[in-house]
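In what follows, a single structure is set out as structure tokens and then discussed.
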Amino acid sequence: MKRKMISTVLVGLMAAGMLAGCGGNTASSSTADKSNSVETGNTAVSSASGQSSSGKYAGETITMMVDTDTMSGNNAIQAVIDSAEKKFGFKVDLETRVGGSEGDNLMKTRLASGDMTDITLYNSGSLLNALNPSQYFVDLSDQDFVKTYDDTFKSTVTVDGKTYGVPLESTQAGAVLYNKKDYQELGLEVPKTWKDFVSNCQKLKDAGKTALIGTFGDSWTSQVLFLGDNYNVIASNPDFAKDFEEGNAKFATTKEATESFGKYSDIQDFYNEDYLSAKYADGIQMLGEGKGSQWIMLTQAIGQIETDYPDIVKDLGVFAIPGDSADSNGITVWYPSCFYINKNAKDVDACIDFMRYWCSSEGIALYNKNQAPHGPSCIKGIEFGDDVPDAIKVDMQKYFDDGNTIPALEFLTPVKGPNCPNICQEVASGQTTGEEAAAKYDEDCKNQAIQLGLNWK
Numbered sequence: 239m240k241r242k243m244i245s246t247v248l249v250g251l252m253a254a255g256m257l258a259g260c261g262g263n264t265a266s267s268s269t270a271d272k273s274n275s276v277e278t279g280n281t282a283v284s285s286a287s288g289q290s291s292s293g294k295y296a297g298e299t300i301t302m303m304v305d306t307d308t309m310s311g312n313n314a315i316q317a318v319i320d321s322a323e324k325k326f327g328f329k330v331d332l333e334t335r336v337g338g339s340e341g342d343n344l345m346k347t348r349l350a351s352g353d354m355t356d357i358t359l360y361n362s363g364s365l366l367n368a369l370n371p372s373q374y375f376v377d378l379s380d381q382d383f384v385k386t387y388d389d390t391f392k393s394t395v396t397v398d399g400k401t402y403g404v405p406l407e408s409t410q411a412g413a414v415l416y417n418k419k420d421y422q423e424l425g426l427e428v429p430k431t432w433k434d435f436v437s438n439c440q441k442l443k444d445a446g447k448t449a450l451i452g453t454f455g456d457s458w459t460s461q462v463l464f465l466g467d468n469y470n471v472i473a474s475n476p477d478f479a480k481d482f483e484e485g486n487a488k489f490a491t492t493k494e495a496t497e498s499f500g501k502y503s504d505i506q507d508f509y510n511e512d513y514l515s516a517k518y519a520d521g522i523q524m525l526g527e528g529k530g531s532q533w534i535m536l537t538q539a540i541g542q543i544e545t546d547y548p549d550i551v552k553d554l555g556v557f558a559i560p561g562d563s564a565d566s567n568g569i570t571v572w573y574p575s576c577f578y579i580n581k582n583a584k585d586v587d588a589c590i591d592f593m594r595y596w597c598s599s600e601g602i603a604l605y606n607k608n609q610a611p612h613g614p615s616c617i618k619g620i621e622f623g624d625d626v627p628d629a630i631k632v633d634m635q636k637y638f639d640d641g642n643t644i645p646a647l648e649f650l651t652p653v654k655g656p657n658c659p660n661i662c663q664e665v666a667s668g669q670t671t672g673e674e675a676a677a678k679y680d681e682d683c684k685n686q687a688i689q690l691g692l693n694w695k
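Following the numbering used here, the numbering of the sequence shown begins with 239 at its first residue and continues without gaps.
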């Protein structure tokens, strides 16, 4: 049980970092095997145990940099590297950098100085856009594997019509994880509107069940409802992200954006009694042991539940946070960090072949064998094996197949108020109304926009 708790805490810390605004790092929780790397200060250099003396690029070396947060608890990266080394004959020297703003600054300094590795892992979405990728990275638009990209994912690694990124891993979403048995017992249907969702919560409560799991003792978890509602905001206001970044749209004056905060008030009475103090690990336990019917959470939690409570994962389902209209029902997606090839790489062709292998069905299957996926692949046509829960390969996949996906707002704009968790906690606890929370968040974002040099007034 102690080992389970440690693993769950690590996942929670990684997710907290992601929701704090790293805009694309979806590193997860499988146990790392660090026997293939040697720590040297802030770097980890691959031992190239899988390198072949033959192959198209025999004798060549590719340098590659990832952040420590991604490498922590992740042996899938090394597994794919080892396989690629055997296939192509090159050696991969793998460095790690610190995460967060310190790591970002280090990477930007190395890019500017021309001292960057051949391949680097960085964010997709708005932070990539701000990096001016055409100056540093190889345009992959004409590569055959780019044609297999999911359209929405492709938009997060495309700037000014040029596509640069290769996905590290699968997607994940901010959605409702639910116990199918509880729904079946009460004859409930997956809700397509927020009104129906609240009605389901009431029926679950009336049946003596904990309708909603709240884990706001870990403040980052309080944001998932607000952030995961972005599909409904953008579906009704397609230009909201652009107008918001320009300072011309506000949460307090955009109906659907204000409602994202107001939803907390609608469901306040359905949580577990200790929802303000319970932690992420408690949520894993409650859903895993059948002590809570629904949890609004990142879908990476499914992997942790599968590890800790393998017998219940078949009974878990996922549905999108509903909006006002059943005709507009889709899911908010967090896309992974991506690999980018340095324009000044020693052998660009070798790097491209490596990346082509990474996002091939063989490479993805090997990665997923070592690291459970949190959602559908960024690559079209990838089929999951029997070991992947239906919550991912059936429930979530349908939203992707139907084209009903929109990225989380942080992929569309770099403006994210740092006090978002606190503001969400306040409205969730009844201290403020949705309207007050929206106005407060606008002011919080204004301060950050000014720091980013945006012309907000």
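Using N, Cα and C, we set each Cβ at its ideal position, and we do this for glycine too.
Predicted, not measured: the structure shown is a model, and the values here were computed from it.
What are the uninterrupted segments assigned as beta strand (DSSP E) that are 3 or more residues long and contained completely in the segment 333–357, given in chain order? Complete beta strand (DSSP E) runs here, min 3: none at all.
Where S268 sits in the DSSP three-state scheme: Translated into the one-based positions of the sequence shown, residue 268 becomes position 30. Summary for S268: the model assigns pLDDT 38, below 50, so the residue's position carries little reliability; its value from the coordinates is reported in the next sentence. Correct three-state label for S268: coil.
Anticipated Cβ contact below 8 Å, A350 with P652, distance rounded: Position 112 of the sequence shown, counted from the first residue, corresponds to residue 350. Position 414 of the sequence shown, counted from the first residue, corresponds to residue 652. At roughly 19 Å, the Cβ-Cβ gap does not stay under 8 Å, so A350 and P652 are not in contact.
Figure out for me which residue from V304, E544, C597 and I569 has the closest Cα to the Cα of L344. For the purposes of this step, residue 344 is identified with residue 106 of the sequence shown, where counting begins at 1. For L344, the nearest C-alpha among the options comes from V304.
Measuring straight from C-alpha to C-alpha, what distance separates I451 and K529? Taking the sequence shown and counting its residues from 1, one reaches residue 451 at position 213. Taking the sequence shown and counting its residues from 1, one reaches residue 529 at position 291. Here the C-alpha atom of I451 lies approximately 9 Å from the C-alpha atom of K529.
Using only alpha-carbon positions, find the residue among S498, A646 and P574 that is nearest to N361. Locating residue 361 in the sequence shown gives position 123, counting from the first residue. Here the closest residue by C-alpha is P574.
Three or more beta-carbon pairs under 8 Å between the segment 578–596 and the segment 453–473, yes or no? Between the segment 578–596 and the segment 453–473 there are fewer than three C-beta pairs closer than 8 Å, too few to call the two in contact.
Starting from Q532, trace the beta strand (DSSP E) in both directions and tell me its first and last residue. As a first step, residue 532 must be located in the sequence shown, where it is residue number 294. Q532 to L536 is the span of the beta strand (DSSP E), which, as asked, contains Q532.
Under a Cβ-count criterion, where at least 16 other Cβ atoms within 10 Å of its own Cβ denotes burial, should Q422 be classed as buried or exposed? Within the sequence shown, residue 422 is the residue found at index 184, counting from 1. Exposed, since its Cβ has fewer than 16 Cβ neighbours within 10 Å.
Kindly indicate which residue of M309, M354, K584 and Q686 has the alpha-carbon position closest to the one of G337. Taking the sequence shown and counting its residues from 1, one reaches residue 337 at position 99. If we check each option's Cα against that of G337, M309 comes out closest.
On the CB-based measure, 16 or more other CB atoms within 10 Å of its CB, does E427 come out buried or exposed? On the sequence shown, position 189 is the one that residue 427 refers to. Label assigned to E427: exposed.
Segments of 3+ residues assigned as beta strand (DSSP E) that fall wholly inside the segment 544–586: 554–557, 569–572 and 576–579
Taking Cβ positions, are D682 and F489 nearer each other than 7 Å? Locating residue 682 in the sequence shown gives position 444, counting from the first residue. Locating residue 489 in the sequence shown gives position 251, counting from the first residue. For D682 and F489, no; Cβs fall outside 7 Å.
Are there 16 or more other CB atoms within 10 angstroms of the CB of L690, so buried, or fewer, so exposed? As a first step, residue 690 must be located in the sequence shown, where it is residue number 452. With fewer than 16 Cβ atoms within 10 Å of its Cβ, L690 is classed as exposed.
Let's test the definition: count the other Cβ atoms within 10 Å of the Cβ of V404 and tell me whether it reaches 16, buried, or not, exposed. Looking up residue 404 in the sequence shown gives position 166. Label assigned to V404: buried.
Of all the options T358, A411 and T394, which has the alpha carbon lying nearest to the alpha carbon of Q635? On the sequence shown, position 397 is the one that residue 635 refers to. Ranking the options by Cα distance to Q635, first place goes to A411.
When you compare only the Cα positions, how much space is there between I569 and G655? As a position in the sequence shown, residue 569 is number 331, starting the count at 1. As a position in the sequence shown, residue 655 is number 417, starting the count at 1. Near 22 Å, if we compare the C-alpha coordinates of G655 and I569.
Helix, strand or coil for W694 per DSSP? Locating residue 694 in the sequence shown gives position 456, counting from the first residue. Here W694 sits in coil by DSSP.
With distances taken Cα to Cα, identify the nearest neighbour of T358 among Q373, T334 and S339. As a first step, residue 358 must be located in the sequence shown, where it is residue number 120. Of the listed residues, the one whose Cα sits closest to T358 is T334.
So who's on the other strand from V414, going by DSSP bridges? One-based indexing of the sequence shown puts residue 414 at position 176. In the DSSP output, where bridge partners are listed per residue, V414 has I534 and F557.
Under 7 Å between the Cβ atoms of K443 and L424? Taking the sequence shown and counting its residues from 1, the one referred to as residue 443 is at position 205. Taking the sequence shown and counting its residues from 1, the one referred to as residue 424 is at position 186. Going by beta carbons, K443 and L424 fall outside the 7 Å limit.
Go to D456, then tell me how far its alpha helix (DSSP H) extends in each direction, as first and last residue. The sequence position of residue 456 within the sequence shown is 218, counting from 1. Taken as a continuous stretch (DSSP letters only), D456 belongs to no alpha helix (DSSP H), as it is neither H nor E.
N312 versus K607, K480 and A322, residue with shortest Cα-Cα distance: Along the sequence shown, read from residue 1 onward, the residue named residue 312 stands at position 74. Among K607, K480 and A322, the Cα nearest to that of N312 is on K607.
Coil, strand or helix - Y518 by DSSP: Here the question's residue 518 lines up with position 280 in the sequence shown. Of the three classes helix, strand and coil, the one that applies to Y518 here is helix, per DSSP.
Cβ-Cβ separation, S667 to L465 (assumed contact under 8 Å), whole Å: Numbered from 1 along the sequence shown, position 227 holds the residue referred to as residue 465. Numbered from 1 along the sequence shown, position 429 holds the residue referred to as residue 667. Not confirmed; about 18 Å, so no contact.
Closest by C-alpha distance to Y547, when choosing among I534, G526 and W533: Residue 547 sits at position 309 when you count from the first residue of the sequence shown. Closest by alpha carbon: G526.
Taking the alpha carbon of V397 as the reference point, which residue from Y416, A687, P371 and D388 has its own alpha carbon closest? For the purposes of this step, residue 397 is taken as the residue at position 159 of the sequence shown. Here the closest residue by C-alpha is P371.
In this structure, does DSSP put Y469 in helix, strand or coil? Residue 469 sits at position 231 when you count from the first residue of the sequence shown. Y469 falls in the helix class under three-state DSSP.
C-alpha gap between K329 and I300, whole angstroms: For this step, residue 329 is matched to residue 91 along the sequence shown. For this step, residue 300 is matched to residue 62 along the sequence shown. Spanning the two alpha carbons is a distance of roughly 6 Å.
Taking a contact to mean a Cβ-Cβ separation below 7 Å, would you say S457 touches Q663 in this structure? Taking the first residue of the sequence shown as 1, we reach residue 457 at position 219. Taking the first residue of the sequence shown as 1, we reach residue 663 at position 425. It is a contact, given that the beta carbons lie within the stated cut-off.
Buried versus exposed, by CB contacts within 10 Å (16 or more), K695: Position 457 of the sequence shown, counted from the first residue, corresponds to residue 695. K695 comes out exposed.
Which residues does DSSP pair with P405 in a beta bridge? Residue numbering aside, residue 405 sits at position 167 when the sequence shown is read from its first letter. In DSSP, P405 forms a bridge with C576.
Do T643 and T224 come within 7 Å of each other at the CB atom, strictly closer than that value? This structure leaves residue 224 out entirely; the chain is present only between 239 and 695.
Under a three-way DSSP split, which group does K654 fall into? Within the sequence shown, residue 654 is the residue found at index 416, counting from 1. Coil at K654, not helix or strand.
Spatial neighbours of Y637 within its chain, please: CB distance less than 7 Å, with the 5 preceding and 5 following residues excluded, ordered by chain position. Locating residue 637 in the sequence shown gives position 399, counting from the first residue. Around Y637: A558, G568, I569 and T643.
Could you compute how far the alpha carbon of F622 sits from the alpha carbon of K631? As a first step, residue 622 must be located in the sequence shown, where it is residue number 384. As a first step, residue 631 must be located in the sequence shown, where it is residue number 393. Answer to the nearest angstrom: the Cα atoms are 6 Å apart.
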